[in-house]
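Heads up: the sequence shown begins at 15 in the numbering used here, then just goes up one per residue.
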Amino acid sequence: MFKSAISIAFAAVGLVGCDRAEVVDDGAGRYTHVDVHYRSFDSLAPVSYSKSDLVSWASVKFSTDDAATIGRLNSVIPSQCRQVRAPVESSLDYYLLVEFFDGDRLKKEFGASGLHFVKEDGVSERVCELLPGDRRQLAEVLASVSAAN
C-alpha cells in the first residue's frame, strides 16, 4: 500500500509537469509557416515602431515553412512571464514580431521590444519583462535562422 501511494504521488508530480503546453509544444507539427519581422535589439531609431511599422520597415524579414526552423524559433520564445504593470502592449517599441500560422490562420504571435514581450494565453495579453539572457538567445537564433533564409 505504501509503495502504491508513492507511485501515485510521483505520477501526479509528473502529470503536473506535463500540463504546461508551452513547454511541450515545439511547433513543428502544429504550424505550417512562420513570418518573422525583426530589427536588431541594439539598433536605434528616431521613432518607436508599432507592430504594423515593424512589418513595413523591419531590416530582417523572412517566412519559413521548414519544420525544424519553426520548432527552433518556437523553442526560444520565453515561457516564463514576469509581468510588469507598464507599458501597455499598444505603446511598446517593437523590435521583433514572429507570427505562427496554420495555413492562412494566425495561430500564435510573439512580439518583443528591447525590454518587454507580449504573452498571450488565449484569453488575454500580458506584458512581461524580457530578460537579457532571453533577448541574447533570441538574437542569436534569429541571426542564424535569417542567414539561412
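Beta carbons: idealized from backbone N, C-alpha and C, even for Gly.
Nearest in C-alpha terms to leucine 156, of all of Ile84, Leu129 and Glu134, is Ile84. For secondary structure counted as the alpha helix (DSSP H) over 4 or more consecutive residues, the region 59-100 holds these complete runs in sequence order: 65-71 and 81-89. The region 49-59 makes no contact with the region 90-98; the number of CB pairs closer than 8 angstroms stays below 3. Boundaries of the beta strand (DSSP E) around aspartate 116: 110-116. According to DSSP, glycine 125 shares a beta bridge with Leu111 and Val132.
Within the same chain, Cβ atoms closer than 6 angstroms to the Cβ of alanine 153 are found at Phe55, the five residues on either side in sequence being excluded. For leucine 106, the three-state secondary structure derived from DSSP is coil.
Annotation: the continuous alpha helix (DSSP H) that includes valine 159 extends over 146-162.
Around the beta-carbon of arginine 149, 16 or more other beta-carbon atoms lie within 10 Å, marking it buried.
Residue pairing by DSSP puts arginine 119 in a beta bridge opposite Asp116. By a beta-carbon distance limit of 8 angstroms, leucine 87 contacts valine 48. Their separation comes to about 6 angstroms. Nearest Cα to phenylalanine 114 within the set Ser105, Ala100, Ser127 and Glu134: Glu134.
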